[in-house]
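**Q** This structure is in structure tokens; I'll ask about it shortly.
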Amino acid sequence: MITLDLMREQGRISALGWRSRACTLGMASLGLVTEVAVGQCRAEVAAAGAALWDLLHGQEQVFAAPWEELSVFSAARGFPTRFGSIMLPFEAINEGFRQMG
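When the letters of the sequence shown are read in order and numbered with the working numbering, they come out as residues 255 to 355.
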């Protein structure tokens with residue numbers, strides 16, 4: 255479970271706050287995403303999330319800056335039951351943008 259508070263300014267994330275009860279992989283993803291997502295727009299976060307999804311499903315990816323560290327999740331390919339946890343921060347940010355209109 256992730257609770258994410260998102261603030262945006264001029265279409266970009268200006269601040270993120272969070273609470274989580276997630277597995278280790280989910281927490282690792284959350285830590286990386288909350289560090290990197292500030293300053294990013296919805297499309298940039300969505301593109302990084304889509305690339306991560308593809309990586310988890312076996313496609314090689316070169317992540318655009320500042321998302322390069324997402325490549326560490328290639329080690330999770332063998333654990334498909336954890337993919338949802340890894341993707342939770344991206345889903346939460348997308349939902350935050352959706353709610354803000």
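The C-beta atom is built at its ideal place from N, Cα and C for all residues, glycine as well.
What you are looking at is a predicted structure, and each value in this text was computed from that prediction instead of being measured.
Closest to F337 by C-alpha separation, out of E298, L270, M281 and I347, would be which residue?
**A** For the purposes of this step, residue 337 is identified with residue 83 of the sequence shown, where counting begins at 1. Nearest option by C-alpha distance: M281.
**Q** Of the choices L270, Q315 and Q264, whose alpha-carbon is the least far from that of I347?
**A** For this step, residue 347 is matched to residue 93 along the sequence shown. That would be L270, whose Cα lies nearest to the Cα of I347.
**Q** What residue range does the alpha helix (DSSP H) around M341 cover?
**A** Translated into positions along the sequence shown, residue 341 becomes position 87. Segment F337 to M354, the alpha helix (DSSP H) holding M341.
**Q** I need the straight-line Cα distance from I256 to G293, nearest angstrom please.
**A** Position 2 of the sequence shown, counted from the start, is the residue given in the question as residue 256. Position 39 of the sequence shown, counted from the start, is the residue given in the question as residue 293. Rounded to the nearest angstrom, the two C-alpha atoms are 21 Å apart.
**Q** According to the Cβ coordinates, are W272 and L258 closer than 8 Å?
**A** Residue numbering aside, residue 272 sits at position 18 when the sequence shown is read from its first letter. Residue numbering aside, residue 258 sits at position 4 when the sequence shown is read from its first letter. Taking 8 Å as the Cβ cut-off, W272 and L258 qualify as a contacting pair.
**Q** Go ahead and label G303 buried or exposed: buried means 16 or more other beta carbons lie within 10 angstroms of its beta carbon, across all protein chains shown.
**A** The count along the sequence shown starts at 1 and reaches residue 303 at position 49. Per the 10 Å Cβ criterion, buried.
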